[in-house]
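Below is one structure, written out as structure tokens, with a few remarks after it.
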Amino acid sequence: MTVVTIHRRYDALVVGARCAGAATAMLLARRGLRVLAIDRGTYGSDTLSTHALMRGAVMQLARWDLLDRLKAAGTPPMPVTTFDYGDEVVSIPIRPGDGVDALYAPRRTVLDRILVDAARDAGADVRHGWTLADLLRDGTGRVRGAVVVDADGAASEVRADIVIGADGVRSRVAELAGAETRVSGKPPAGRLLFGYFGGVPDSGCRWIFRPGLMTGAIPTNGGESCVFAGGRLAEVAGTGVASPEALFRACLAASAPELAEAVARGEPAGRLRQFGGVRGHLRQAHGPGWALVGDAGYFKDPATAHGITDAFRDAELLARAVASGSPLALADYEHLRDALSLPLFRVTEAIAAFDWTTEEVKGRHAALSEAMRTEAAVLAAINAATPLPALPALTAGRRELALAG
2 MTVVTIHRRY DALVVGARCA GAATAMLLAR RGLRVLAIDR GTYGSDTLST
52 HALMRGAVMQ LARWDLLDRL KAAGTPPMPV TTFDYGDEVV SIPIRPGDGV
102 DALYAPRRTV LDRILVDAAR DAGADVRHGW TLADLLRDGT GRVRGAVVVD
152 ADGAASEVRA DIVIGADGVR SRVAELAGAE TRVSGKPPAG RLLFGYFGGV
202 PDSGCRWIFR PGLMTGAIPT NGGESCVFAG GRLAEVAGTG VASPEALFRA
252 CLAASAPELA EAVARGEPAG RLRQFGGVRG HLRQAHGPGW ALVGDAGYFK
302 DPATAHGITD AFRDAELLAR AVASGSPLAL ADYEHLRDAL SLPLFRVTEA
352 IAAFDWTTEE VKGRHAALSE AMRTEAAVLA AINAATPLPA LPALTAGRRE
402 LALAG
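Note that the numbering used here has the sequence shown beginning at 2, numbered continuously upward.
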């Protein structure tokens, strides 16, 4: 294979141009850095996603002046989130503030386009259909760029001061850089199927919990809702059905009859899809000449639908660290990412275990809410350029990191 050198040198090469990568590329370019972002997919293509943006993600989109674009694309607001435990239904209105007027759950065909367009508007060079072949290193072992393959199959050397892996759970950057897995999750205990349906009443984001089962509906673009259903493998297997569609409908009927009826009145817009089968991880976030962001560095079960929010958070933290030009700033990025992530990681693992009673899962949701409040408070402080708050959950996250390490 012939390899040619791209003569323009970049400050940063971002591998992956979806939520984490496109946001990171945009933020770096807005700070005046020369950025190349590549992605193996096509512009605006769909991908597996839980869609939901938690408060921190909406806050960031507002700060980045992208929230109005999301609204203009017809993304419905969710002013209320409802948790249905059977014996109790808890509705939580979204508190206005910090640019947040509601929660949103855009299709990735909408959100990823907005982020890529914003990165290009900021001056980043974004190429789709390009893949990473190898990392380039100098005599000391420091990463100095990468070999990339374009959409026509031509290989090129790209020189960059830092290579950022935003290339998902099975990150090629993490593999080539030798990033250590610092924390590993348990084998998945559940199976979750989802599809898109029209005609589902829009009552905000709904989560329904029954012993061993979790279902719900999240309104998204095009008048459709992302409807999900599944749970602990033993309960799912006990439905006595094998096909994904029959299993999906059986779990809905067992836990949410009204939602099952709404779904039964129509056909899914496309095939059903499935989450599950991938362990969570917290990987080393940086090394000489490289860094990880998004699922490449930190991934957890989708049971809490927090992945996009974490991707935006870490894009903000990493872009600030890279733009500072200080190696110590990258260490600070990793420490803060880990301190914020570990409480979320642990409580997500506990919810995704599906070993709870409905009373127990209420307590796990309380812990999740506390971790999300900490995350939102830290982002608000960063956005306002004020000192980080000394919050108990953040201190607990740092302590848990020390114990895990």
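Even for Gly, the Cβ is constructed at its ideal location relative to N, Cα and C.
If we call anything under 7 Å between Cβ atoms a contact, is residue i one with residue j?
i	j	result
A297	D168	yes
A147	L14	yes
A21	A324	no
R183	L283	yes
D69	L34	no
G213	G231	no
G281	F300	yes
L67	A320	no
V117	A18	yes
F210	T359	yes
V16	V59	no
A55	M373	Here residue 55 turns out to be Met, not Ala, going by the sequence shown. Yes, Cβ-Cβ distance for M55 and M373 is below 7 Å.
E361	G186	no
G290	I163	yes
W131	D113	no
A263	L253	no
L337	L318	yes
Q275	A180	no
G166	A155	no
Return the chain-ordered list of same chain residues with a C-beta closer than 8 Å to the C-beta of residue i, the five sequence neighbours on each side being excluded.
i	result
V81	S92, I93, P94, I95, S204, G205 and C206
H366	F84 and I352
By alpha-carbon positions, which one of the options ends up nearest to residue i?
i	options	result
F195	V90, A155 and A251	A251
E268	F276, V201 and R56	V201
G191	S370, L68, A304 and E225	A304
S157	I115, F249, R9 and P97	R9
R31	A103, G271, A257 and R121	R121
A63	S46, Y105 and E89	Y105
D302	T48, L193, L177 and D153	L193
A161	E361, L37 and L329	L37
A74	L177, G166, P344 and G224	G224
T51	E371, S342, G217 and M373	G217
T76	C227, L369 and A368	C227
L273	R266, L260, A263 and L248	L248
G42	V127, W357 and E259	V127
A257	I383, M215 and E246	M215
A306	R145, K72, G87 and I219	I219
G87	A255, Q61, G98 and D47	A255
A53	A103, T141, E246 and A123	A103
Report the three-state DSSP secondary structure of residue i (helix, strand or coil).
i	result
Y197	strand
S325	helix
M79	strand
T216	strand
I39	strand
I115	helix
T349	helix
H129	strand
P94	strand
F355	coil
E268	coil
T51	coil
L341	helix
T182	strand
V379	helix
L404	Only weak support exists for where L404 lies, its pLDDT of 43 falling under 50; the coordinates are left without a value.
G169	coil
A211	Before going on, a small fix: residue 211 reads as Arg here, not Ala. R211: strand per DSSP, three-state reduction.
A316	helix
R64	helix
E89	coil
Spatial neighbours of residue i within its chain, please: CB distance less than 6 Å, with the 5 preceding and 5 following residues excluded, ordered by chain position.
i	result
R108	T221 and N222
G57	T310, R314, E376, A377 and L380
A354	A190
Y44	H129
A125	A26, A30, V36 and A38
R173	L133
A312	C20, A21 and G295
L49	none
Y334	L318, L319 and A322
Would you list the residues sitting across from residue i in a DSSP beta bridge?
i	result
R138	V144
Q275	L194
C206	T82
F300	H282
L29	Answer by DSSP bridge pairing: none, since L29 is not bridged.
Y11	A161
C227	Y197 and I219
V101	G98
A292	I165 and H287
G232	R192 and L214
V16	I39 and G166
So, for residue i: in the same chain, excluding its five sequence neighbours on each side, which residues have a beta-carbon less than 7 Å away from its beta-carbon?
i	result
A331	Inspection of the sequence shows that residue 331 is occupied by Leu rather than by Ala. So the list reads H287, A292 and A322, once near-sequence residues are dropped.
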